[in-house]
Each structure stands twice: as structure tokens, then as C-alpha cells.
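Everything below concerns the one structure shown next.
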Amino acid sequence: MATCMRCGREMRDYETWWYGSIQVCQDCYQLYLLEAQRKAQEEAKQCARCRCNIPLWGGKEFKGKTYCDSCYSIVRKEFIEANSCKRCGKLIEREADRKQGPRGELLCASCFEELHKKFSLGSVGGLFCAECGRKLSEGHAHRVGDMAVCDSCYKRVAEFETCNICGKHLGILKVILPDGSTICPACAKKQKKK
């Protein structure tokens with residue numbers, strides 16, 4: 001015969017249950033389980049995405065929020081896609097390295113600098129139109145001064161204006177002065193500093 005360590009009831013050996021290191025009767029075992037389940041529910045966390053309950057030992061932290069396993073993988077994947085360079089695929093961690101490309105896409109600082117150099121040189125190989133930002137393909141690019149433009153922009157803009165100060169061909173980006181003359185953004189910055 002054994003004695004329940006919770007309620008003191010005597011029971012046969014085959015009727016005993018173990019809860020951790022405590023020998024208890026079946027009724028007390030069920031009570032222990034209910035108490036443990038209630039405590040786990042009270043202390044459970046909630047997934048920040050789907051609002052399901054997560055046990056204390058479960059869940060993953062990401063950006064200060066707790067997620068269940070399935071939501072964690074989705075949220076992390078979305079974060080990586082939203083914060084990766086659209087050109088090279090590298091995750092951009094620092095805010096200072098986040099740059100905006102010619103069509104509003106997210107670029108890392110190195111890809112932005114590389115594209116900026118190619119734009120200013122007007123190179124065509126695998127680059128983008130200086131007017132609309134579309135990708136240029138071989139045979140469908142036109143050089144206008146130091147810029148490379150696609151077929152549709154070349155046809156649309158019959159005559160490109162030139163900067164009245166430096167003579168550079170102007171595209172969409174231009175500054176119109178009060179006297180009606182047009183200048184490039186670089187010359188406008190120089191005049192603003194004076």
C-alpha cells in the first residue's frame with residue numbers, strides 16, 4: 001500500500017501515479033495536470049501576427065515581438081525581402097546604406113554608387129534609361145550627349161534642351177530660372193552656393 005503525497009489517501013501500488021518526484025493518487029494527478037495547464041495558459045505569450053497562444057518555452061523573438069514558429073519564418077522572410085538590395089540581393093542593415101534607385105527600388109550604397117557612375121558616364125551595357133529608368137538593351141539605346149536613353153524616350157523627346165551654363169544635355173531633371181533659361185541640377189547647386 002502507498003499513500004498519496006498530496007491528499008494522504010491510501011491506495012494500492014498499481015493505482016499510484018507519479019507527478020515529477022511526487023507519488024499521488026489518480027484524482028490528485030488530474031488536479032496537478034489541470035493546475036499546470038491553467039498556469040501555462042496564464043503565462044503563455046501571444047503571437048504578434050496571428051494572435052495564437054504560444055507556450056512559455058515556445059515562440060521566437062524578432063524585432064522586439066514574439067511570433068509562433070510558422071509566423072516567425074514568414075515575418076523574417078518578408079523583412080529580408082523588403083530590406084534587401086533589389087540589384088545584388090544583399091541585406092541592408094544600416095539606414096545610411098539604404099538608397100533609392102532610378103525607379104524607386106531599394107539599393108545598397110555600393111550598387112547605388114555603381115549605377116550613379118554609369119548614369120553619369122552614359123554607358124549602355126545592361127544599364128537603365130536616364131529619362132524613365134527602364135532597363136536598356138543592346139540595339140535599343142541612344143546616346144544623347146553624355147546620357148543613354150531608350151527608344152521610347154528618344155522618340156518622345158524630339159529635341160533635348162541643353163544647360164545654358166555648362167552645355168550639358170538636359171532630360172527630365174532641369175531647373176528653369178526666372179528669366180526662362182534652363183540649367184542642369186549640378187549648375188543649380190553651384191549657383192545656390194554662391
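If you read the sequence shown in the working numbering, its first letter stands for residue 1, the second for the next number, and so on. Glycine residues also receive a C-beta, built at the ideal position from the N, C-alpha and C atoms.
Inter-residue spacing [alpha-carbon to alpha-carbon] between residue i and residue j
| i | j | result |
| --- | --- | --- |
| Val75 | Cys47 | 11 Å |
| Cys153 | Ile183 | 20 Å |
| Ala40 | Lys77 | 30 Å |
| Cys88 | Gly101 | 13 Å |
| Thr66 | Glu43 | 14 Å |
Cβ neighbours of residue i in the same chain (closer than 7 Å, five flanking residues each side left out)
| i | result |
| --- | --- |
| Arg51 | none |
| Leu91 | Ile80, Asn83, Ser84 |
| Cys166 | Cys184, Cys187 |
| Cys271 | In the structure displayed, the chain extends from 1 to 194; residue 271 sits before or after that span and is not available. |
| Leu177 | Ile183 |
| Cys28 | Cys4, Arg6, Cys7 |
Where residue i falls: helix, strand or coil (DSSP)
| i | result |
| --- | --- |
| Arg143 | strand |
| Leu33 | helix |
| Ser200 | A query on residue 200 cannot be resolved here, the shown segment of the chain reaching from 1 to 194 and no further. |
| Ala188 | helix |
| Glu105 | coil |
| Cys50 | coil |
| Ala2 | strand |
| Ile22 | strand |
| Glu196 | Nothing can be reported for residue 196: it is not among the residues displayed for the chain, which extend from 1 to 194. |
| Ala44 | coil |
Sub-7 Å separation of residue i and residue j beta-carbons
| i | j | result |
| --- | --- | --- |
| Leu107 | Cys85 | yes |
| Lys99 | Phe79 | no |
| Gln23 | Met1 | no |
| Thr3 | Glu10 | yes |
| Lys45 | Ile54 | yes |
| Tyr32 | Tyr19 | yes |
Neighbourhood of residue i by C-beta, 8 Å cutoff - its chain only, sequence neighbours within 5 removed
| i | result |
| --- | --- |
| Ser181 | Asn164 |
Neighbourhood of residue i by C-beta distance below 6 Å, restricted to the same chain and skipping five residues each side
| i | result |
| --- | --- |
| Cys132 | Cys153 |
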